[in-house]
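Line by line, the protein sequences are chains A and B.
Residue numbers for the first sequence follow my numbering, so the first one is 69 and each next one is one higher.
Residue numbers for the second sequence follow my numbering, so the first one is 69 and each next one is one higher.
What follows is a set of notes on a single structure, which appears directly below.
2 protein chains.
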Amino acid sequence: MHDIDMNNEDILAQHRELAEKNEKLLERHGIRAFNVMGAIGSGKTALIEALARRVAGNGVKAGAVAGDVAGNDDQQRFQAAGLPAISLNTGSDCHLDAHLLGHSLEELPLEEIELLFVENVGNLVCPADFPLGTERDLVVISVTEGEDMVRKHPKIFARSDIVVINKVDLADAIGVDPEKPRRDYEGINPNGKVFFTVAPEGEGVEELAEELGLRG
Amino acid sequence: MHDIDMNNEDILAQHRELAEKNEKLLERHGIRAFNVMGAIGSGKTALIEALARRVAGNGVKAGAVAGDVAGNDDQQRFQAAGLPAISLNTGSDCHLDAHLLGHSLEELPLEEIELLFVENVGNLVCPADFPLGTERDLVVISVTEGEDMVRKHPKIFARSDIVVINKVDLADAIGVDPEKPRRDYEGINPNGKVFFTVAPEGEGVEELAEELGLRG
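Written out as structure tokens, the structure reads:
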């Protein structure tokens, strides 16, 4: 736990190597994989469910890896939604890494799925440092987290080319302007794409799915 | 970053030693200190503001340390509320530690304050491992984080003797029952105390202040 010094070039290289291994394995099986990061309660699970529902309509099968320090609540949610899912408990670690994901890939029925959603451990700090071998990295934030979440975590946003601002239906009730985190993000990552969503209702999910190149 | 192996007994002992040093320094100045943990957007800052407002009415002066990986938004909020405040940026680290807090204590006007609120970095994973030398540890969670946040992070809740469930005014709108995390917490920590709050309105803050022994 907390035992990886990412300033150490050897270890960084090791993580990159394992990430490439995952990438190649996924490629061999024709699976596109997405690393879904975000704080606890931002709506990562609901967003993955919404994306999976959308592609399922076209017969595209998605799988999921649910990363958490403890418990298998999210795995159960994914399985209830009909997705093959693995629960990946990190113990005390605040992020997934390529090594852990590699073990999950051994357990998943890779021949059955075309998409893989990897739900990272819920926080905006640690996952920023660890490549997994996924095709794209998303960060999900919720308007309920306040207006300053991007400014407080520049690293993870600089790395992610898609930001999903979720629960925008609550913006007025909470008094948070979702345009503020959008502007902060565009300042950090001018080429990044921002989507406003209400995940359980599927609002905004179509546009996101298009950006991800998902048939649905 | 991520470079402390807390399984290493030597390092654990070192952290405990530094925490004791902080504790003694605070004691010498007659300052009671609280470690306020919780995810980003849970309402830690608003809760500290509400507690500080409450005690200020009785002439009790509080100070604050705002821990974040980047930015000084919270320090500015505390200063605007009239609290001497230090911004403690951890870079890539997902928690405060006793060493960092020790440096903040050197910068704060300790002779002017009677209470110190230490706002930890916003997540429910890393801060669990690090004693700071504070008198009590609180975890703030928001109903907007969902019903499963306690089950997903047993370690931090086992360590904390007070849990504040914040934003309970949004519980119905979000469809979250705050009794569920309360029950999960009581299962982990039968002696722990739970408070339901709406921090910006001061709802529930009186009861919490009493539990903390704060005059107000």
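For every residue, glycine included, the Cβ atom is placed at its ideal position computed from N, Cα and C.
As assigned by DSSP and simplified to three states, the class of residue i
| i | result |
| --- | --- |
| A:K235 | coil |
| B:A28 | Summary: the structure shown does not reach residue 28 of chain B, with chain B confined to residues 69 through 284, and so no result is reported for it. |
| B:S155 | strand |
| B:F263 | strand |
| B:F102 | strand |
| B:E271 | strand |
| B:I230 | strand |
| B:V193 | coil |
| A:D71 | Residue confidence is low: A:D71 scores 44 on pLDDT, short of 50, so the model does not pin down where it sits. Its coordinate-derived value is still stated next. Three-state result, A:D71: strand. |
| B:I209 | strand |
| A:L184 | strand |
| A:D136 | strand |
| B:R359 | Residue coverage of chain B in this structure runs from 69 to 284, which leaves residue 359 of chain B outside it and unanswerable. |
| A:S160 | coil |
| A:F225 | helix |
| B:G64 | A question about residue 64 of chain B goes unanswered here, because the residues of chain B that appear run from 69 up to 284. |
| B:E91 | helix |
| A:S110 | coil |
| B:P246 | coil |
| A:A118 | helix |
| B:D78 | helix |
| A:D142 | helix |
| A:G170 | helix |
| B:D240 | helix |
| B:L280 | coil |
| A:E175 | helix |
| A:A148 | helix |
| A:H97 | coil |
| B:E85 | helix |
Reference residue i; option with closest CA among the options
| i | options | result |
| --- | --- | --- |
| B:H97 | B:K261, B:A166, B:E269 and B:K129 | B:K129 |
| B:P258 | B:E91, B:V211, B:I230 and B:K92 | B:I230 |
| B:K270 | B:A120, B:V189, B:A196 and B:L169 | Checking the displayed sequence, the identity of residue 270 of chain B turns out to be Gly instead of Lys. Among B:A120, B:V189, B:A196 and B:L169, the Cα nearest to that of B:G270 is on B:A120. |
| A:E179 | A:L200, A:G131, A:N140 and A:I209 | A:G131 |
| B:H167 | B:E88, B:E77 and B:E278 | B:E88 |
| A:M105 | A:V193, A:A149 and A:L93 | A:V193 |
| B:A196 | B:L238, B:L280 and B:D165 | B:D165 |
| A:I209 | A:P199, A:T202, A:A239 and A:L184 | A:A239 |
| A:F102 | A:S160, A:I108, A:L115 and A:G139 | A:L115 |
| B:F225 | B:I99, B:A107 and B:T212 | B:A107 |
| B:V244 | B:N90, B:E175 and B:E213 | B:E213 |
| A:Y253 | A:E278, A:E77, A:H221 and A:K235 | A:H221 |
| B:K223 | A:L86, A:G159 and A:A81 | A:G159 |
| A:P152 | A:C162, A:G201, A:L86 and A:E174 | A:E174 |
| B:K92 | B:G170, B:I181, B:V211 and B:E278 | B:G170 |
| A:A81 | A:L200, A:V266, A:P246 and A:N191 | A:L200 |
| B:S296 | B:V236, B:T202, B:G260 and B:A241 | Coverage of chain B is limited to positions 69 through 284, which leaves residue 296 of chain B absent and any answer about it impossible. |
| B:G111 | B:I99, B:T265 and B:E77 | B:T265 |
| A:P246 | A:N191, A:I256 and A:V211 | A:V211 |
| B:A267 | B:G255, B:G281 and B:V236 | B:V236 |
| B:L280 | B:D78, B:E77 and B:L206 | B:L206 |
| A:N90 | A:E278, A:E182 and A:S172 | A:S172 |
| B:A277 | B:I181, B:I242, B:I256 and B:A124 | B:A124 |
| B:G109 | A:I242, A:G272, A:I256 and A:G255 | A:I242 |
Other residues of its chain near residue i: CB distance less than 7 Å, five sequence neighbours each side excluded
| i | result |
| --- | --- |
| B:R250 | I233 and V262 |
| A:N157 | D136, V137 and A138 |
| B:H83 | D165, A166, F198 and P199 |
| B:I181 | I99, K129, A130, G131 and P152 |
Cβ neighbours of residue i in the same chain (closer than 6 Å, five flanking residues each side left out)
| i | result |
| --- | --- |
| A:E117 | A149 |
| B:S155 | A134, N140 and Q143 |
| A:H163 | V189, C194, P195 and F198 |
| A:T113 | D142 and R145 |
| B:L94 | A101 |
| B:K248 | E215 |
| B:E203 | R100 and A101 |
| B:G272 | F263, F264 and T265 |
Beta carbon proximity, residue i to chain D, threshold 7 Å
| i | result |
| --- | --- |
| A:T265 | Among the protein chains of the structure shown, namely A and B, there is no chain D. |
Own chain partners of residue i with C-beta closer than 8 Å, once the 5 adjacent residues on each side are dropped
| i | result |
| --- | --- |
| A:L176 | G131, V133, P152, I154 and L184 |
| A:Q147 | A153 |
| B:I256 | V218, P222, F225 and A226 |
- Message: Within 8 Å, do at least three Cβ pairs link the segment 212-223 of chain B to the segment 134-147 of chain B?
- Response: These segments do not touch.
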